[in-house]
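To start, the structure under review is shown below, and the notes come after it.
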Amino acid sequence: MEKYSLEPYKDKDEVSDFRKEEAYLRAKKKVDSLIGFYWHFAVYVVVNVFLILLIGLNSEQGFRGFGPYATAVFWGIGLVFHFIGVFGPDFFFGKDWEKRKIQEFMDKEDRNWE
0 MEKYSLEPYK DKDEVSDFRK EEAYLRAKKK VDSLIGFYWH FAVYVVVNVF
50 LILLIGLNSE QGFRGFGPYA TAVFWGIGLV FHFIGVFGPD FFFGKDWEKR
100 KIQEFMDKED RNWE
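Quick note: the sequence shown uses numbering that gives the first Met the number 0, first residue 0, plus one each step.
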């Protein structure tokens, strides 16, 4: 039977390196999604300003009516979904939101009693 050379399992170093690499990859993915959202928002602003001016100045209704703003409205809905996808639905009502609101109301009542 042949002898195999097995290296001992390096528990701390390998697990630590794996966790660091995993954390780095998660952080990189978040940064990439943030960059993607910011580019999406920048393109949204530039294109929609151009379209609103172009349609508003060249149509009979001018800037009145829904026409000049239709693209911005529907694209804006998509941008909101992209925002929620990047920042998460807890952006506005996160984990600490309820605690902050309770504290805010308690502070407000304390000021009213004084």
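Here a beta-carbon is modelled for each residue, glycine too, at the ideal position from N, C-alpha and C.
{"Query": "For residue 94, three-class secondary structure by DSSP", "Result": "coil"}
{"Query": "At least 3 beta-carbon pairs within less than 8 Å: the region 32-47 vs the region 78-85", "Result": "yes"}
{"Query": "Through-space distance from residue 15 to residue 27, alpha-carbon basis", "Result": "18 Å"}
{"Query": "Touching by the beta-carbon criterion (3+ pairs, under 8 Å), the region 101-108 and the region 45-64", "Result": "no"}
{"Query": "Contact belief for residue 91 with residue 36 at Cβ below 8 Å, rounded distance in angstroms", "Result": "Actually they are not in contact, since the Cβ atoms of residue 91 and residue 36 sit about 16 Å apart, beyond 8 Å."}
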